[in-house]
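Numbering (the working numbering), first residue to last: 528 to 868.
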Ligand SMILES: Cc1cc2nc3c(=O)[nH]c(=O)nc-3n(C[C@H](O)[C@H](O)[C@H](O)COP(=O)(O)OP(=O)(O)OC[C@H]3O[C@@H](n4cnc5c(N)ncnc54)[C@H](O)[C@@H]3O)c2cc1C
């Protein structure tokens, strides 16, 4: 098979339907049904017209994803992070299973990345490719709200995330001159982050917590003031940065020199820590049987994907989450089938 996730999903749907599977769209599972012995034997759901539907089965596999869309389920310090996942990530499977005594693990962990642009309060875009490319090809810099650089802008994403988390309000501001902005626009369009440059410009009108997501000005200090970045701190940083560029060495963070900050207009974009994947969830064993608080399997209940916690530790490897969803789907299905034979 070639192509990306959409092709994979289409292929799996065709296979599923071809084998006699029935898809019930817009039907939301609400509750697990158990028999008198406590075995899970089905789910109670609500269809799009509000009717209650009961589905019974010999085993149930929860595969309802994570809970990133529900900020109240995450630690307070993450309230300023930007969620870039789906509204359906409401932790339903987690809620249904804990309601019958399932154990949980690592609920306070999410996979974090830098460079989230908050286009809707609390939600946003993963603007990593545009930012990292701009940093490699121009003299743009990241500063905190004091106007200070705090990292080698070309550091690995994990380093950028950790350093951003350590800044006031966990915010990194990318400061670009006209040349850097061209690169930012080019990569944003190439990556289909936005459909056109006009959409990027609408960021100047999106206001969260009293400040826009982006400021544009011929005057760097004015752009900084609009964003809530200390203009004097920023002016000092830029002068020092340009001096280091002239001398050919970043003596502060050892960044490879690819130019200084030159002619405006200047563009400053607010970037927050972003997350989608919740790494915590229900406790499961190696057969993906869901465990109760005492560590005993709940009869008839299995889990796959993000509803199961702990499999990826405190930080997953790149591309590991899709792999986990697929592999855990296979393992849980095999276990469930074995249990009913
Ligand atoms: C923009 C973006 C980019 C990503 N890029 C990558 C990447 O490059 N590599 C990678 O490995 N991972 C990536 N991920 C993460 C990966 O997509 C997820 O980790 C993975 O899809 C999780 O799979 P899942 O089956 O656990 O949950 P989901 O894919 O979220 O599927 C859960 C399904 O359950 C449904 N559901 C939820 N509640 C109920 C309910 N009560 N009743 C019935 N149905 C319900 C949902 O509608 C959804 O269809 C990305 C995610 C996003 C958002």
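Just so you know, even glycine gets a beta-carbon here, dropped at the ideal spot from N, CA and C.
Original post:
Taking C-beta to C-beta, are residue 641 and residue 691 nearer than 8 Å?
Top reply: When the beta-carbon positions are compared, residue 641 and residue 691 come within less than 8 Å of each other.
Original post:
Taking Cβ positions, are residue 559 and residue 587 nearer each other than 8 Å?
Top reply: Yes, the Cβ-Cβ distance between residue 559 and residue 587 is below 8 Å.
Original post:
Do residue 849 and ligand 1 come close, with the Cβ less than 7 Å from some heavy atom?
Top reply: At least one heavy atom of ligand 1 lies less than 7 Å from the C-beta of residue 849.
Original post:
Could you give the distance in angstroms between the alpha-carbon of residue 658 and the alpha-carbon of residue 793?
Top reply: Just so you know, the alpha carbons of residue 658 and residue 793 end up roughly 15 Å apart.
**OP:** Output the distance between the C-alpha atoms of residue 600 and residue 729, rounded to the nearest integer angstrom.
**Re:** Distance between the alpha carbons of residue 600 and residue 729 is about 31 Å.
Subject >> Neighbourhood of residue 758 by C-beta, 6 Å cutoff - its chain only, sequence neighbours within 5 removed >> reply: Apart from sequence neighbours up to five positions away, the residues of its chain that approach residue 758 with a beta-carbon distance below 6 Å are 748, 751 and 752, ordered along the chain.
**OP:** Would you mind working out which of 606, 811, 556 and 718 sits nearest residue 654, comparing C-alpha positions?
**Re:** Looking at the Cα atoms, 718 is the closest of the given residues.
Original post:
Applying the criterion that 16 or more other CB atoms from any shown protein chain within 10 Å of the CB defines a buried residue, is residue 693 buried or exposed?
Top reply: It counts as exposed.
Original post:
Taking 7 Å as the cut-off, is the CB of residue 582 close to at least one heavy atom of ligand 1?
Top reply: A distance criterion of 7 Å places the beta-carbon of residue 582 beyond contact range of ligand 1, judged by its closest non-hydrogen atom.
Original post:
Mapping DSSP to helix, strand and coil, what is residue 723?
Top reply: Coil at residue 723, not helix or strand.
Subject >> Where residue 797 falls, given that 16 or more other Cβ within 10 Å makes a residue buried >> reply: Burial check for residue 797: the Cβ neighbour count within 10 Å reaches 16 or more, so the residue is buried.
Subject >> Length of the line joining the Cα atoms of residue 799 and residue 839 >> reply: Between residue 799 and residue 839, the C-alpha separation is close to 23 Å.
Subject >> Which residues DSSP lists as bridging residue 819, in chain order >> reply: Paired residue(s): 629.
Original post:
alpha helix (DSSP H) containing residue 533: first to last residue?
Top reply: Its alpha helix (DSSP H) spans residues 532-545.
**OP:** Work out the CA separation of residue 767 and residue 746 for me, nearest whole Å.
**Re:** Using only the alpha carbons, I get a separation of about 18 Å.
Original post:
Roughly how many angstroms lie between the CA atoms of residue 780 and residue 531, to the nearest whole one?
Top reply: Going from the Cα of residue 780 to the Cα of residue 531 covers about 37 Å.
Original post:
Taking the alpha carbon of residue 630 as the point to measure from, which residue in 812, 556 and 637 has its own alpha carbon closest?
Top reply: Measuring C-alpha to C-alpha distances from residue 630 to each of 812, 556 and 637 identifies 812 as the nearest.
Subject >> Meets three-Cβ-pair contact criterion under 8 Å: the stretch 858-866 and the stretch 815-824 >> reply: The stretch 858-866 makes contact with the stretch 815-824, as at least three CB pairs between them are under 8 Å.
Subject >> Nearest-angstrom Cβ-Cβ length linking residue 806 and residue 836, presumed shorter than 8 Å >> reply: Contact holds; Cβ gap of about 7 Å.
Original post:
Going by C-alpha distance, which of 567, 651, 619 and 580 is nearest residue 607?
Top reply: Put simply, of 567, 651, 619 and 580 the residue whose alpha carbon is nearest the alpha carbon of residue 607 is 651.
**OP:** Tell me, to the nearest whole angstrom, how far the beta carbon of residue 782 is from that of residue 679; I am working on the premise that it is less than 8 Å.
**Re:** Confirmed, about 4 Å.
Subject >> Range of the contiguous beta strand (DSSP E) that encloses residue 568 >> reply: Element bounds for residue 568: 567-573.
**OP:** Report the residue from 761, 538, 533 and 592 whose alpha carbon sits nearest the alpha carbon of residue 613.
**Re:** Of the candidates 761, 538, 533 and 592, the one whose C-alpha sits nearest the C-alpha of residue 613 is 592.
Subject >> Candidates 534, 575, 625 and 665, of which the one nearest residue 553 by Cα >> reply: Comparing Cα-Cα distances from residue 553 to each of 534, 575, 625 and 665, the minimum goes to 575.
**OP:** Return yes when at least one heavy atom of ligand 1 lies under 7 Å from the C-beta of residue 655, else no.
**Re:** Residue 655: no, Cβ never under 7 Å from ligand 1.
Original post:
Heavy atom of ligand 1 less than 7 Å from the Cβ of residue 558, yes or no?
Top reply: Not one heavy atom of ligand 1 lies closer than 7 Å to the C-beta of residue 558.
Original post:
Can the beta-carbon of residue 569 be found less than 8 Å from the beta-carbon of residue 581?
Top reply: Less than 8 Å separates the beta-carbon of residue 569 from that of residue 581.
Subject >> Three-state secondary structure assigned by DSSP to residue 597 >> reply: It is coil, neither helix nor strand.
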